[in-house]
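The structure under discussion appears below in the form of structure tokens.
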Amino acid sequence: AWGIRDVGSSNGTVVNGEQLNPEVITRPLKDGDRIKLGLQSELLIQVVEIPDENMTVEQYLNKECDRLISTIQAKTDELVDDMKSVLP
Numbered sequence: 164a165w166g167i168r169d170v171g172s173s174n175g176t177v178v179n180g181e182q183l184n185p186e187v188i189t190r191p192l193k194d195g196d197r198i199k200l201g202l203q204s205e206l207l208i209q210v211v212e213i214p215d216e217n218m219t220v221e222q223y224l225n226k227e228c229d230r231l232i233s234t235i236q237a238k239t240d241e242l243v244d245d246m247k248s249v250l251p
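The sequence shown maps to residues 164 to 251 in my numbering.
Encoded structure:
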């Protein structure tokens with residue numbers, strides 16, 4: 164499990180719009196939490212299960228990139244086919 168705490172940052176730590184109390188040791192994080200960093204940045208927490216516990220982070224990220232590239236290519240092919248059917 165992952166957690167977050169404020170250690171005296173100048174802007175504080177905000178999770179899901181709630182300012183964390185610096186006296187609280189750790190607030191657990193869950194899927195969908197939003198952490199505000201500074202005045203303009205925000206992190207979205209996404210919990211994913213790694214299908215193979217022996218897989219390294221690099222292997223997992225490479226596999227996810229390949230999956231996303233395949234999805235994008237399939238969607239691009241669909242759009243091109245749609246455009247060909249509409250254009251003279």
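Just so it is clear, CB atoms sit at the ideal spot from N, CA and C, and this is done for glycine as well.
{"query": "State buried or exposed for threonine 219, treating a residue as buried only when at least 16 other CB atoms are found within 10 Å of its CB.", "result": "exposed"}
{"query": "Please look up how many angstroms separate the CB atoms of aspartate 167 and arginine 190, rounded, as I've assumed it's under 8 Å.", "result": "It should be pointed out that residue 167 corresponds to isoleucine in this sequence rather than to aspartate. That belief holds up - the Cβ atoms of isoleucine 167 and arginine 190 are roughly 6 Å apart, short of 8 Å."}
{"query": "With contact counted as at least three CB pairs below 8 Å, one residue from each stretch, are the stretch 197-206 and the stretch 242-249 in contact?", "result": "no"}
{"query": "When the Cα of asparagine 179 is compared with those of Ile188, Val249, Glu205 and Ser173, which residue comes out closest?", "result": "Glu205"}
{"query": "Specify the secondary structure class of leucine 202 as computed by DSSP and reduced to three states.", "result": "coil"}
{"query": "Buried or exposed for threonine 176, please, with buried defined as at least 16 other CB atoms from any protein chain shown within 10 angstroms of its CB.", "result": "buried"}
{"query": "For glutamine 209, collect the residues of the same chain with a Cβ closer than 8 Å to its Cβ; drop the 5 residues on either side in sequence, then sort them by chain order.", "result": "Asp194 and Gly195"}
{"query": "Glycine 171 to tryptophan 165, Cα distance in whole Å?", "result": "19 Å"}
{"query": "Can you list, in chain order, the residues of its chain with a C-beta nearer than 6 Å to that of leucine 207? Leave out the 5 residues immediately preceding and following it.", "result": "Arg197"}
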